[in-house]
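Notes follow once the structure below has been shown.
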Amino acid sequence: MSGGTSVPINPTCLYRRLLLPLGAALLATLLPGLAGGARAAGTEPVAIVAAENMYGDVAAQIGGDAVHVTSILSNPDQDPHLFEASPSVGRALSKARIVIYSGIDYDPWMAKLLAATHGGAGAAKRVTLVVAALGGHHDGDNPHVWYDQATMQAYARALAAALTTADPGHADGYSRRLAAFEASMAPIAARIAALRATCQGDAVTATEPVYGYMFAALGLQVRNMAFQLAVMNNTEPSARDVAAFEDDLRQHRVRLLLYNSQATDPIATRMMHIAGAAHVPVVGATETEPAGMTYQRWMLDGLDRVDRALRSR
Numbered sequence: 291m292s293g294g295t296s297v298p299i300n301p302t303c304l305y306r307r308l309l310l311p312l313g314a315a316l317l318a319t320l321l322p323g324l325a326g327g328a329r330a331a332g333t334e335p336v337a338i339v340a341a342e343n344m345y346g347d348v349a350a351q352i353g354g355d356a357v358h359v360t361s362i363l364s365n366p367d368q369d370p371h372l373f374e375a376s377p378s379v380g381r382a383l384s385k386a387r388i389v390i391y392s393g394i395d396y397d398p399w400m401a402k403l404l405a406a407t408h409g410g411a412g413a414a415k416r417v418t419l420v421v422a423a424l425g426g427h428h429d430g431d432n433p434h435v436w437y438d439q440a441t442m443q444a445y446a447r448a449l450a451a452a453l454t455t456a457d458p459g460h461a462d463g464y465s466r467r468l469a470a471f472e473a474s475m476a477p478i479a480a481r482i483a484a485l486r487a488t489c490q491g492d493a494v495t496a497t498e499p500v501y502g503y504m505f506a507a508l509g510l511q512v513r514n515m516a517f518q519l520a521v522m523n524n525t526e527p528s529a530r531d532v533a534a535f536e537d538d539l540r541q542h543r544v545r546l547l548l549y550n551s552q553a554t555d556p557i558a559t560r561m562m563h564i565a566g567a568a569h570v571p572v573v574g575a576t577e578t579e580p581a582g583m584t585y586q587r588w589m590l591d592g593l594d595r596v597d598r599a600l601r602s603r
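Taking the working numbering, the leading residue of the sequence shown gets 291, the next gets one more, and so forth.
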């Protein structure tokens, strides 16, 4: 089963992992606008709040100096499922003209926060972009939609349109930067095509379906999906699923093991240890964009690591 197909997800379990009581401290990163989008003197930049920093990065690339972006989840060393919102997040949302989040139960806390800030100064004009919906994804699909390149392209186009509507005076700049973003995605498509030509049909496995859409784009056969969904939904994999996973590693039925480097789980850690002992390459993937990287560089870096792992066997 490829990672881009519909998978049964337990919304209650996923919600429990994502939503903790509001009020604790949260890292909120402000992404500066990129050069080339200078705004007229005396005008305020368009305020954008992104639930996850990969969406905030793309917003900064397309918006340039005409936008001010706040990303809520931004630390690749922190488990994004242990999110706690702070009052500063609510204040940022109350002023936002554009709000972006993943959807399909990845970040259900955002809907709650938006409902709590419906009376804010900018709420009447606020536009909300749900990335999964823009990519045609629905409840039950793999929620890690930022690894789906078509979805990210759809999001970029919708964002540019929303910015043009909110700030028509900078429409030409938004259009130029959208075109530049789309051109910058071409090397990712080329890298996927080249890697697919050499690895299509190879079997791989993962502790969670974080990288599922990219595995599907590469034409890889993904094993142990029942195990992955159990871990993602914070439930215990069955003994049968655990045994099958271990056997795949020990018998070298898979070319690599991918794990979620931001979320710790004892059974996933055990699989990584077994993979190491069996000399099966292990590759980490994150759910937030690493510091110092653009979205494009992040995607290429992940493909490079998968390529090296596949070549090592």
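Glycine residues also receive a C-beta, built at the ideal position from the N, C-alpha and C atoms.
Contacting residues, own chain, Cβ-Cβ under 6 Å from residue i (five flanking each side not counted)
| i | result |
| --- | --- |
| threonine 454 | Ala461 and Tyr464 |
| glutamate 498 | Gln518, Val521, Met522 and Asn550 |
| tyrosine 345 | Ile390 |
| glutamine 490 | Gly509 |
| serine 602 | Pro571 |
| aspartate 597 | Leu485 |
| methionine 589 | Ile478 |
| alanine 325 | Reliability of the predicted coordinates at alanine 325 is poor, the pLDDT of 36 falling under 50, and no value is obtained from them. |
First through last residue of the beta strand (DSSP E) which encompasses residue i
| i | result |
| --- | --- |
| asparagine 343 | Note, asparagine 343: premise wrong, no beta strand (DSSP E); alpha helix (DSSP H) at 343–353. |
| threonine 418 | 417–420 |
Residues of its chain near residue i, where Cβ-Cβ distance is below 8 Å and the 5 sequence neighbours each way are ignored
| i | result |
| --- | --- |
| lysine 415 | Arg387 and Ala456 |
| leucine 539 | Thr495, Leu547, Met561, Ile564, Ala565, Ala568 and Val570 |
| alanine 479 | Gln439 |
| phenylalanine 471 | Val348, Gln351, Ile352 and Ala446 |
Through-space distance from residue j to residue i, alpha-carbon basis
| i | j | result |
| --- | --- | --- |
| glycine 323 | glycine 354 | Here glycine 323 scores only 36 on pLDDT, less than 50, and its place in the model is too uncertain to base an answer on. |
| glutamine 541 | serine 474 | 40 Å |
| proline 527 | glutamine 552 | 19 Å |
| tyrosine 268 | valine 435 | Since the displayed the chain opens at 291 and closes at 603, residue 268 lies outside it and no answer follows. |
| arginine 595 | glycine 459 | 42 Å |
| methionine 504 | histidine 427 | 15 Å |
| isoleucine 644 | valine 532 | The requested residue 644 is not part of the displayed model; the chain covers only 291 to 603. |
| proline 477 | alanine 529 | 42 Å |
| glutamate 536 | alanine 558 | 11 Å |
| alanine 444 | leucine 600 | 30 Å |
| alanine 506 | aspartate 431 | 13 Å |
| valine 359 | alanine 349 | 7 Å |
| leucine 449 | methionine 442 | 10 Å |
| alanine 469 | leucine 508 | 25 Å |
| arginine 587 | valine 357 | 22 Å |
| aspartate 591 | alanine 340 | 23 Å |
| alanine 581 | threonine 525 | 31 Å |
| alanine 483 | threonine 333 | 44 Å |
| threonine 287 | arginine 467 | Absent from the structure is residue 287, since the part of the chain shown begins at 291 and ends at 603. |
| aspartate 429 | proline 335 | 34 Å |
Delimiting residues of the alpha helix (DSSP H) encompassing residue i
| i | result |
| --- | --- |
| leucine 272 | Outside the displayed range of the chain (291 to 603) lies residue 272, so it cannot be described from this structure. |
| threonine 584 | No alpha helix (DSSP H) contains threonine 584, which DSSP labels as neither H nor E. |
| tyrosine 445 | 439–456 |
Own chain, CB closer than 7 Å to residue i, minus 5 neighbours either side, in chain order
| i | result |
| --- | --- |
| alanine 493 | Gln511, Arg513, Arg543, Val544 and Arg545 |
| alanine 328 | Note that alanine 328 scores a pLDDT of 49, beneath 50, so its modelled location is shaky; the value from the coordinates is reported in the next line. If we look at alanine 328 and ignore the five residues flanking it on each side, its Cβ neighbours are Asp355. |
| glycine 393 | Val420, Val421, Ala422 and Ala423 |
| leucine 403 | Ala375, Val379, Gly380 and Leu383 |
For residue i: DSSP bridge partner residues
| i | result |
| --- | --- |
| histidine 358 | Ala337 |
| valine 494 | Val512 |
| alanine 575 | Asn550 |
| valine 389 | Val339 and Thr418 |
Cβ separation of residue i and residue j, assumed to be a contact under 8 Å, to the nearest whole Å
| i | j | result |
| --- | --- | --- |
| leucine 593 | leucine 485 | 6 Å |
| valine 420 | tyrosine 396 | Contact doesn't hold; Cβ gap of about 10 Å is too wide. |
| alanine 406 | glycine 380 | 6 Å |
Neighbour flag for residue i against chain C, beta carbons, 8 Å
| i | result |
| --- | --- |
| aspartate 429 | The structure shown contains no chain C; it holds only a single protein chain. |
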